[in-house]
Amino acid sequence: MKTLKFFFKNYYKGLIRALMFLSAILLIVYLFPGESKFKYEFTKGKPWMHEDLIAEYDYPIYKTDSELAAERDSILREHKPFFRLDTTTVTRQITNFVNDFELKWKKYLLEEYDLKEPLSSYYSKQRKLIREKEAYLLFGRDLLDFIYSKGIVEVTDVLDQVDNENFTIVVMTGNMAVDKSYSEVFTQKSAYEYVVSKLAEQNWDDNYETDATFLKDLNLNNYLESNLFYDMETSDKEKQSLVESISLTAGMIQRGERIISRGEVVSQARYRMLESLKREFQSKSGIIGNRFMIYLGQFLLVFASMVMLFLFLYNFRREVYNNNLHSFFIILLIVLFVLAVFLSLKTGVISLYLVPIVIVPIIIRVFFDSRLALFIYFILLMLTGFLAPNSFEYIFLSFNAGVVAIFTLTDIYRRGILFLTSFLVALTYSLLYFGLVIIQESDLGSIEWVNFAWFAGNGMLVLLTYPLIYIFEKIFGFLSDATLMELSDTNQSLLRKLADKAPGTFQHSLQVGNLAEEAMHALGGNPLLVRTAALYHDIGKIENPLYYIENQTSGYNPHDKLSFEESATMIIAHVEKGVQLAQKNKLPSQLIDFIRTHHGSSKVQYFYRSYLKTYPDEVVDDDKFSYPGPRPFSKEMAVLMMADSVEAASRSLKEINHDSIRELVDKIIDSQLFEGQFNESPVTLVEINEVKKIFSKRLANIYHVRIAYPETEQE
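The sequence shown runs contiguously to residue 721 in my numbering.
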C-alpha cells in the first residue's frame, strides 16, 4: 500500500498526462474514415510517378461533380412545373358577376327611367333596355368564360424565373395532365389587360339606350381570380425522378486494362479514371479489407504524430510539458480542429477551406512562442491531412497560410494587426490555389471561383482569435500580450498607489523595466512580459516605504532603531507582502512568480555584512538574512533579477564612468551567478555576457557618461 501511495504521489501527473495523450489518440482515430487509404498520390497536370497501373477489377468511370451538376441543371431547366386547375373558380366568379350585374342594372333603371314619359314610350324603351341588358350580360359572361377556359395562373417563384414564351407548364384536371404553353395562359395582369382591350374595341350600336360605359363601370377585373395553382408536391416528385435518372457514370474500365503508365502526364481523362478507382477502392475497402488492420494502421499513424509532439514538449518546452493544464490546452486545440475538419467533410455543408485552422498557430503563438506554434501546427496538418480528399493540396495551402499568420502576427496588442493577418491569410490561400489550378488545368475556365469565397470566409473567421484568446486566457490562466499592455499602463490603480506611497520605488521599477526590456529584445524572450513584471516586482514596498533607501528623502532612516536581523526581516518582507497584494488585486500568477523570484534565495547583503562585522565571533543564522526564493526559473525572471540588482546598486556609485559602471555590472551579476541564482533558469553564459554589455551601455546612457577627450581635441 505504501509503495502504491508513493507511486501515485510521484507519478500521478505523468499518468494524467499519458491519459490525456491516449484519449486524444483514440478520439482522433475514431474520427478517421473506416476505410483503407488509397496508396497512390497524383496531381492533374503532373507525371504519374508510380509504376504502371493496371485495373485489378472492373469499375465504372464516375462523372465529376461539376459534370453531374451541369446535367442536373440542364434537366431541371427543361422541367415542366405542374399546375392544378380549380374548376369551381369560373362558376363562382361568373355567378358573382351575374348577381352584381342584376343589382347594378336595377339601380341604373331607377336612376335613368323617366316616369313622366307616355306609356307607349315606356314599353318601347323597356324592350330596348331588355335587349341591351342581354347583350351586355352575354358579353361579360363570354369574356370571363373565355379567360377562365385559358386559365389564370397563380403568381409563383417558379414562373418568376421564366424568360421564354415557349415555356411549357403541365395543367392537371383531376387525373388528366395536359401540356400547355405558358404564353397561352393568363396571369392576373395579362387577364386585366385583355378585358380592358376587349371593352375598348367593342363597337356598340348607337341605338342602344344605355351608355356603354355601364359595363366598364361594372369593373370586370373584380371577377378575375387565379384558377391554376402550382402543385409543389407533384412538381418536386417529377424533379426528383428526373435527377435520379441521371447516370453517375460515363463508361467502364475492364479488369486488366491499363489505366496509366509511369511518367505519363495525368490528363483530365486519366485523372477521372484515377479518381474513380480511388472512389471504388475506398467503397470496397470495408468489404475486401480487414477493418481491424485499418484501425490498427490509423492508430499507429496518430500515435506516431502524438509521440513527436510529446518528444518536442519534453525536450524543448519542458515548462509546458510539466504543466498538465497547458498540455491539456494544446491537446484540446488539436482535437477540436480535427473534429471541425471531420464535420465539414462529413456534412458537406461548408468547404474544408472555410475551417479557420490557422487560428491554432496564432493562439499558440500568443500564449507561448512561434517555434512551438509552428511545430504544433505541423502536427495538426499531418493529422487533418489524413481526412482531406487531396492531402498534398490541403497541407500545402494550409501550411503556407499558417506560416504567414505566425510571422505577421508579431504584436497581437497592436490595433488592426489581426485584420492585416486575416487579409494576408485569405490572400495566401487565394494566390496559392490560383497557382495550383494553373499548373493542373492550364485553363482559367477550370477554376472553381466559389473557393475564393471560402478563402475570404476563412480570413474573416480568423478574427475570432480575439474573443477566443480572452476565453482561453480566463479558463486556462494564460497571459496574453493584450493583457500585459493593459497591466503595464501606469494609470492602473496599483501602480498609481505605488507612485504615490513609494515614489522612489516607482522610479526604480520604471528603470528596471527599461533595462530588462532592452535585454530581452536581444535575448529573444518576451520583452513586454519582463517590462510589466518589473513595474510590479516591488509593490510590497507600498506598506512600509520608508524602510527602503530609495524612498528616504528627509535623512531619517527607521533602520537606525532596529537590529540587523529585524532590518533584514523588514526588507525581506516586501516579497511576501508583494505576493499578497498582487493576489488581492488579482494579478496573473505569471507576474506573481516574478515578485517571488526577483531576489531568488540571495541575502540582504548590507545587513548581513554589517552583522558579521559587528559580531565576528557569533555564529550567524543565514536564513534570517536570506530571501525565501524560489530562484528564477525562466529567462525573463533571471533578467529581471539582474536588472533589479544592477539598477539599485548603480545609484550608490560615487564615480560614474564607463569603467565603474562595467565593473559594477560584472561584479553584481557574477556574484549572482556564483551563488547559483540562475541554475534553474534556461539562460546561458553567452546570454548573461550579452546582458552585461546591454546593462553597461544602458546605464551609461542614463547617467549621461561621456568619453573624456584629450584637451587639444576638446579645444
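Even for Gly, the Cβ is constructed at its ideal location relative to N, Cα and C.
Distances from the alpha-carbon of L485 to those of D506, V536, E686 put V536 closest. Taking a cut-off of 8 Å on C-beta distances, the stretch 591 to 609 touches the stretch 620 to 633, as three or more cross pairs fall below it. Cβ-Cβ separation between L386 and I340: approximately 5 Å, consistent with a contact (criterion under 8 Å). About 4 Å separates the CB atoms of H580 and G546; that is less than 8 Å, so the two are in contact. Taking a 10 Å sphere around the C-beta of D487, we find 16 or more other C-beta atoms and assign the residue as buried. Straight-line spacing of the CA atoms in L283 and G391 works out to 20 Å. Under the three-state reduction of DSSP output, R147 falls in the helix class.
Relative to F405, the option among V366, I136, V201, L424 whose CA is nearest is V366. If you ignore the 5 residues before and after M279, its C-beta comes within less than 8 Å of the C-beta of I67, I259, I265, I266, all in its own chain and listed in chain order. T434 and A462 have their alpha carbons spaced roughly 10 Å apart. Distance from the Cα of G408 is smallest, within the candidate group Q274, K19, F384, E140, for F384. Per DSSP, reduced to three states, the secondary structure at T174 is strand. The DSSP-derived three-state label of S187 is strand. Judged by DSSP in its simplified three-state form, V364 adopts coil rather than helix or strand. Under DSSP, I259 shares a beta bridge with Y65. Taking 8 Å as the upper bound for CB-CB distance, W54 and R371 are not in contact here, some 40 Å apart.
A buried status is given to V344, since no fewer than 16 other beta-carbon atoms sit within 10 Å of its beta-carbon. Taking 4 residues as the minimum length, the alpha helix (DSSP H) runs contained wholly in the stretch 533 to 616 are 533 to 542, 570 to 590, 595 to 603, in order along the chain. The Cβ atoms of L424 and Y476 do not sit closer than 8 Å to each other. In this structure, DSSP gives P473 a helical state, which the three-state scheme calls helix. Your pair P533 and V468 does not check out as a contact, with CB atoms roughly 25 Å apart and the cut at 8 Å.
Out of I369, T179, K619, the CA that lies nearest to the CA of I336 is found in I369. About 25 Å separates the beta carbons of S376 and L360, which is beyond the 8 Å limit, so they are not a contact pair. Here the C-alpha atom of F373 lies approximately 11 Å from the C-alpha atom of V326. Spanning the alpha carbons of D676 and L691 requires a straight line of approximately 10 Å. Counting only residues of its own chain and dropping the five nearest sequence neighbours on each side, S241 has a CB closer than 7 Å to the CB of P87, F88. Shown here, P622 sits in coil according to DSSP, grouped into three states, outside any helix or strand.
Bridge partners of F322 according to DSSP: none are assigned.
The continuous alpha helix (DSSP H) containing I337 extends over residues 330 to 353.
According to DSSP, residue pairing for M182 in a beta bridge involves T179. Counting only residues of its own chain and dropping the five nearest sequence neighbours on each side, S232 has a CB closer than 6 Å to the CB of I158, E160. Judged by their CB atoms, T538 and L493 are nearer to each other than the 8 Å cut-off. The distance from the Cβ of I34 to that of V355 is about 22 Å, inconsistent with a contact at the 8 Å cut-off.
Distance from R147 to I100 at the Cβ level is roughly 6 Å; contact confirmed, criterion being Cβ atoms closer than 8 Å. Judged by beta-carbon spacing, L150 lies within the 8 Å limit of L226, meaning their Cβ atoms are closer than that value.
Assignment of F103 by DSSP, reduced to helix, strand and coil, places it in the helix class.
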